[in-house]
Amino acid sequence: MALEFLTAGRLIVLDVADVAGDDGQEPTLLDAVRAAKLPIGQSCRGEGVCRSCAVDVEIGLASLPQPSALEARFGFTGARRLACQVALPAAQEQVRLHHPAWGRPAASSAGSTSPASPGPGGPTNDRLEP
């Protein structure tokens, strides 16, 4: 299965087989984000209480496990999920994630796999672009 991370500059694709969990635990979406070397909040170190690792599932929500009790408690039961609480799916499906720290792609490149063109003056915003 391929995990895709939608950033302002590009679409990063990661094979689930390349993701390992911490201390022999089942890998989570947070482990996948770390493997992709993308920025994400995790001040509670994956316990789920800080809620800073909330990601938007843009494609593939049905292939993810049901929300954990902790996610349900905090209202993460739709397309917004806590990356530290979601085990990687075993199905051979595409899952695309987005997090605000990764910037927002230009409207014309939302489904593109190539980097967005910054234009003649360089990037149009001052966000850190992963």
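Numbered according to our numbering, the sequence shown spans residues 1 to 130.
No residue lacks a Cβ here, since even glycine has one placed at the ideal position from N, Cα and C.
These numbers were taken from a predicted model, which means no experiment stands behind them.
key: Minimum C-alpha distance to glutamine 94 - residue among Val33, Ala62 and Pro27   = Your numbering for residue 94 matches position 94 in the sequence shown. Among Val33, Ala62 and Pro27, the Cα nearest to that of glutamine 94 is on Ala62.
Segments of 3+ residues assigned as beta strand (DSSP E) that fall wholly inside the stretch 46–72 = Those beta strand (DSSP E) runs which fall completely within the stretch 46–72 and span 3+ residues are 54–59.
request  = Measure the beta-carbon distance from valine 13 to leucine 88 and round it to whole angstroms, keeping in mind my assumption that it falls under 8 Å.
outcome  = As a working note, residue 13 is residue 13 in the sequence shown. As a working note, residue 88 is residue 88 in the sequence shown. At roughly 14 Å, the Cβ-Cβ gap does not stay under 8 Å, so valine 13 and leucine 88 are not in contact.
query = Quick one: what's threonine 28 bridged to in DSSP?
reply = Sequence index remark: in the sequence shown, residue 28 carries index 28 (1-based). Beta-bridge partners of threonine 28 (DSSP): Ala87.
request  = With a threshold of 16 other CB atoms inside 10 Å of the CB of arginine 45, please say whether the residue is buried or exposed.
outcome  = Here residue 45 is taken as the residue at index 45 of the sequence shown, counted from 1. When all chains shown are included, arginine 45 counts as exposed.
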